[in-house]
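Read in this note's numbering, the sequence shown has 44 at position 43, and its numbers run on one by one without any break.
Just so it is clear, CB atoms sit at the ideal spot from N, CA and C, and this is done for glycine as well.
Everything numeric in this text was worked out from a predicted model, so none of it was measured.
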Amino acid sequence: MNPSLANWLKILGEPNRLLLLNQIIEGICCNCELGESLSLSPNLISHHMSVLNESGIVKAERDKDDARWIHYSIDIDVMKEVNTLFNAFFDEGRIQPNKSECGPRKS
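Written out as structure tokens, the structure is:
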């Protein structure tokens with residue numbers, strides 16, 4: 002198994018992180034908008050957004066006029082890479098017929 006896929010499953014497997022990512026996919030979001038729409042505390046938003054930002058799938062940019070606000074967007078190239086990993090792993094063409102020889106033996 003590709004270790005990169007396992008890392009993405011860990012990153013995206015956290016329910017709040019997945020909700021945050023979904024909000025950002027629907028458009029560039031500010032940290033305050035994310036907190037309001039999902040009823041999450043600012044420190045929880047900050048934690049999950051740090052993980053998504055470090056993974057590369059989300060880009061963060063501080064507001065030029067007020068540095069308290071951070072605007073998040075999706076890095077489309079990274080999202081395509083993740084999509085390629087998932088599609089390759091879950092490709093139905095990889096499924097092979099059962100070759101197991103276990104079970105009751107016939108005499």
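With 16 other Cβ atoms within 10 Å as the buried cut-off, status of Ile-25: buried
Terminal residues of the beta strand (DSSP E) in which Ile-75 lies: 71 to 75
Straight-line Cα distance separating Leu-53 from Arg-18: 8 Å
Given Asn-23 as reference, the closest of Leu-39, Thr-85, Gln-97 once Cα atoms are compared: Leu-39
Simplified DSSP state of Asn-61, which is helix, strand or coil: The identity of residue 61 in the sequence shown is Ala, whereas the question assumes Asn. Residue state, collapsed to three classes: strand.
Rounded straight-line distance, which links the Cα of Val-59 to that of Ala-50: One point to set straight first is that residue 50 is Met, not Ala, in the sequence displayed. Whole-angstrom Cα-Cα distance: 8 Å.
As assigned by DSSP and simplified to three states, the class of Cys-109: With the chain running from 2 to 108 in the structure shown, residue 109 is simply not present.
Between the CA atoms of Cys-33 and Asn-84 - distance to the nearest angstrom: Inter-residue distance for Asn-84 and Cys-33 is about 28 Å (C-alpha atoms, whole angstroms).
Alpha-carbon to alpha-carbon, Asp-78 and Gly-57: Taking the straight line from one Cα to the other gives about 9 Å.
Supposed close pair Ser-74, Ile-29 - CB separation, criterion 8 Å: 5 Å
Same chain only: Cβ atoms within 6 Å of Ala-61, ignoring 5 sequence neighbours per side: Asn-54, Ile-71, Tyr-73
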